[in-house]
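Engineer: Handing you a structure now.
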Amino acid sequence: MRERVHRHLLSQLLCLGRHTLTGVLGTSGRLFCDWSADYRMYSAQRIEPENLFTPVRQALTARPGSTQPLVAALDDTRLRKTGRNRVYGQRAQTPEELRKDVSVPWQEVEVFAAGKTHKFKIKTLSPLRWRPAGKEHDLRLIVIAPLGYRLTKHSRVLYRKPTYLICTDPKASIQEALQAYTWRWDIEVNFRDEKTLLGVGEAQVRHEHSVENVPALAVAAYAMMLTSAIQAYGPTGIPDSLPPPKWRRKKGLRASTQSLLQHLRHEVWARAIRFSGFVSPNATDSKPQKLKTTLESALFYAMR
């Protein structure tokens, strides 16, 4: 069973077509074998999705020199609504009233995002309580002033809308709360990669347990790949087993999911297809007479 789970985890990452169970079985070379046990692995609850993420959690919490709080981004709400008869005390300012209150000064807080440090102008109010956010929990309100940006270098400055945050720990550092909020954008990138690159949701299964377990295993494979990349190359490291395409002149801040999948295919398949190397990056002939397709380029640089 353990070997079958490992095979499915790897095949979820290597699959080039739609990530149906047929596609995963084809990637693992089991199209002409008895595949009934592979289907039962999901439908008969022979895997426990929660246990698949245990090595990932252990690897992240055991990183040497890591003294910062562990930030987990969630896209969910589990707070129960309360009645309207509860007494909360004196009325506090609304977020919009606090933003427009000239008697409350703006503060500057530095946050790291997109490769550099940005200065956020904020106002904060604490402690306060808000019915939809809990019954008896003290909260902190953080108002972020609209950020200015330009569409082009010489265009006029435009402004985004203000942002209002509720922090459930009034004693937490404002800088740490804003940094965690900024990092939350990664969860949107995570969803995009899981759906577009790993085909989460394409399995075409009907059994109640399979509908839950197949996506869970695919997400676990994705988490294991990202964790392994951090352990092998560091948080900002990029593998160099494949030369980057000519148009990729600017080095990224870290390895993308697509580049990690490309390097994984290279590590698994390069020896099997037995090719000698890539075309020289210094080739000057930009208009070849004949179109040549190569297996290694189609496999290792494939995009869905």
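The letter at position 15 of the sequence shown is residue -1 when you use this note's numbering, and the numbering goes up by one with no holes.
The C-beta atom is built at its ideal place from N, Cα and C for all residues, glycine as well.
Taking C-beta to C-beta, are residue 102 and residue 113 nearer than 9 angstroms?
Structural biologist: Numbered from 1 along the sequence shown, position 118 holds the residue referred to as residue 102. Numbered from 1 along the sequence shown, position 129 holds the residue referred to as residue 113. Not closer than 9 angstroms, so no.
Engineer: Going by the beta-carbon positions, is the gap between residue 106 and residue 76 smaller than 9 angstroms?
Structural biologist: The residue you call residue 106 lines up with position 122 of the sequence shown. The residue you call residue 76 lines up with position 92 of the sequence shown. No, these two residues do not count as a Cβ contact at 9 angstroms.
Engineer: Hey, quick one: how far does the alpha helix (DSSP H) through residue 24 stretch, first residue to last?
Structural biologist: In the sequence shown, residue 24 corresponds to position 40, counting from 1. Looking at the DSSP string, the run of the alpha helix (DSSP H) that includes residue 24 is 20 to 27.
Engineer: Where residue 291 and residue 22 are concerned, what is the direct C-alpha to C-alpha distance, given to the nearest angstrom?
Structural biologist: What is shown of the chain runs -15 to 288, which leaves residue 291 out entirely.
Engineer: What's the C-alpha gap between residue 180 and residue 243?
Structural biologist: Start at 1 with the first residue of the sequence shown, and residue 180 comes out as number 196. Start at 1 with the first residue of the sequence shown, and residue 243 comes out as number 259. Going from the Cα of residue 180 to the Cα of residue 243 covers about 14 angstroms.
Engineer: Give me the DSSP bridge partner(s) of residue 104.
Structural biologist: Position 120 of the sequence shown holds residue 104. DSSP, once it has assigned bridges, lists 93 as partnering residue 104.
Engineer: Measuring only the C-alpha atoms, how far is residue 347 from residue 144?
Structural biologist: Lying before the first or after the last residue shown, residue 347 is absent from the chain, which here runs from -15 to 288.
Engineer: So is residue 31 buried or exposed if we call it buried at 16+ other beta carbons inside 10 Å?
Structural biologist: Residue mapping note: residue 31 aligns to position 47 of the sequence shown, counting from 1. Classification of residue 31: buried, given that the 10 Å Cβ count is 16 or more.
Engineer: So what's residue 127 in DSSP terms, helix, strand or just coil?
Structural biologist: Position 143 of the sequence shown holds residue 127. Of the three classes helix, strand and coil, the one that applies to residue 127 here is strand, per DSSP.
Engineer: Is residue 257 helix, strand or coil when you go by DSSP?
Structural biologist: As a first step, residue 257 must be located in the sequence shown, where it is residue number 273. Here residue 257 sits in helix by DSSP.
Engineer: Quick check on DSSP: helix, strand or coil for residue 116?
Structural biologist: For the purposes of this step, residue 116 is taken as the residue at position 132 of the sequence shown. Residue 116 falls in the helix class under three-state DSSP.
Engineer: When you compare only the Cα positions, how much space is there between residue 7 and residue 238?
Structural biologist: Looking up residue 7 in the sequence shown gives position 23. Looking up residue 238 in the sequence shown gives position 254. When rounded, the distance between both Cα atoms is 29 angstroms.
Engineer: From the DSSP output, in three-state form, read off residue 206 for me.
Structural biologist: Counting from one through the sequence shown, the residue named residue 206 turns up at place 222. If DSSP states are grouped into helix, strand and coil, residue 206 belongs with the helices.
Engineer: Just verifying my parser: in three-state terms, what is the DSSP assignment at residue 65?
Structural biologist: Residue 65 sits at position 81 when you count from the first residue of the sequence shown. The predicted model places residue 65 with a pLDDT of 49, which falls under 50 and marks its position as unreliable; any figure quoted below should be read in that light. In this structure, residue 65 counts as coil in the three-state DSSP scheme.
Engineer: Put residue 33 into one of helix, strand or coil per three-state DSSP.
Structural biologist: Counted from its first residue, the sequence shown places residue 33 at position 49. Per DSSP, reduced to three states, the secondary structure at residue 33 is helical.
Engineer: Roughly how many angstroms separate the alpha carbons of residue 193 and residue 57, rounded to a whole number?
Structural biologist: Position 209 of the sequence shown, counted from the start, is the residue given in the question as residue 193. Position 73 of the sequence shown, counted from the start, is the residue given in the question as residue 57. The alpha-carbon atoms of residue 193 and residue 57 are separated by roughly 26 angstroms.
Engineer: What would DSSP say about residue 222, mapped onto helix, strand or coil?
Structural biologist: As a working mapping, residue 222 is identified with position 238 in the sequence shown. In the structure shown, residue 222 sits in coil (DSSP, three-state: anything other than H, G, I, E or B).
Engineer: Could you check whether residue 203 and residue 162 sit closer than 9 angstroms to each other, using their CB atoms as the reference points?
Structural biologist: Stepping through the sequence shown from its first residue, residue 162 is reached at position 178. Stepping through the sequence shown from its first residue, residue 203 is reached at position 219. No. Outside cutoff.
Engineer: Counting Cβ pairs closer than 8 angstroms, one from the region 134 to 153 and one from the region 210 to 223, do we hit at least three?
Structural biologist: No contact exists between the region 134 to 153 and the region 210 to 223.
Engineer: By DSSP, does residue 53 sit in helix, in strand, or in coil?
Structural biologist: Here residue 53 is taken as the residue at index 69 of the sequence shown, counted from 1. Coil, per DSSP.
Engineer: Taking residue 182 and residue 206 to be in contact with their CB atoms under 8 angstroms, please state how far apart those CB atoms are, rounded to whole angstroms.
Structural biologist: Sequence index remark: in the sequence shown, residue 182 carries index 198 (1-based). Sequence index remark: in the sequence shown, residue 206 carries index 222 (1-based). With 8 angstroms as the limit, residue 182 and residue 206 qualify as a contact, their Cβ atoms being about 6 angstroms apart.
Engineer: Among the residues of its own chain, which have a CB less than 7 angstroms from the CB of residue -14, if the five just before and after it don't count?
Structural biologist: Translated into positions along the sequence shown, residue -14 becomes position 2. Correct list: empty, nothing qualifies.
Engineer: So, at 7 angstroms on beta carbons, what are the nonlocal neighbours of residue 245 in its own chain, with the 5 sequence-adjacent residues on each side left out?
Structural biologist: Within the sequence shown, residue 245 is the residue found at index 261, counting from 1. Counting only Cβ-Cβ distances below 7 angstroms, and skipping sequence neighbours, we find -3, 181.
Engineer: With DSSP run on the structure shown, which of helix, strand or coil describes residue 109?
Structural biologist: Along the sequence shown, read from residue 1 onward, the residue named residue 109 stands at position 125. Reduced to three states, the DSSP call for residue 109 is strand.
Engineer: Let me know if residue 175 comes out buried or exposed under the rule of 16 or more other beta-carbons within 10 Å of its beta-carbon.
Structural biologist: As a working note, residue 175 is residue 191 in the sequence shown. Residue 175 is exposed by the Cβ-count criterion.
Engineer: For residue 149, which of helix, strand or coil comes out of DSSP?
Structural biologist: Residue 149 sits at position 165 when you count from the first residue of the sequence shown. Residue 149 falls in the strand class under three-state DSSP.
Engineer: Just the C-alpha distance for residue 11 and residue 228, rounded to the nearest angstrom, thanks.
Structural biologist: On the sequence shown, residue 11 is found 27 positions in, with the first residue counted as 1. On the sequence shown, residue 228 is found 244 positions in, with the first residue counted as 1. Spanning the two alpha carbons is a distance of roughly 25 angstroms.
Engineer: Ends of the alpha helix (DSSP H) at residue 185?
Structural biologist: Counted from its first residue, the sequence shown places residue 185 at position 201. Element bounds for residue 185: n/a, residue is neither H nor E.
Engineer: I'd like to check one pair, residue 150 with residue 59: are the Cβ atoms closer than 9 angstroms?
Structural biologist: In the sequence shown, the residue the question calls residue 59 occupies position 75. In the sequence shown, the residue the question calls residue 150 occupies position 166. If you check the CB distance, residue 59 and residue 150 do not come in under 9 angstroms.
Engineer: Could you give the distance in angstroms between the alpha-carbon of residue 3 and the alpha-carbon of residue 188?
Structural biologist: Within the sequence shown, numbered from 1, the residue matching residue 3 stands at position 19. Within the sequence shown, numbered from 1, the residue matching residue 188 stands at position 204. Between residue 3 and residue 188, the C-alpha separation is close to 9 angstroms.
Engineer: For residue 115, count neighbouring C-beta atoms within 10 Å of its own C-beta (all shown protein chains included) and say buried if the count is 16 or more, exposed if not.
Structural biologist: Position 131 of the sequence shown holds residue 115. So residue 115 counts as exposed.
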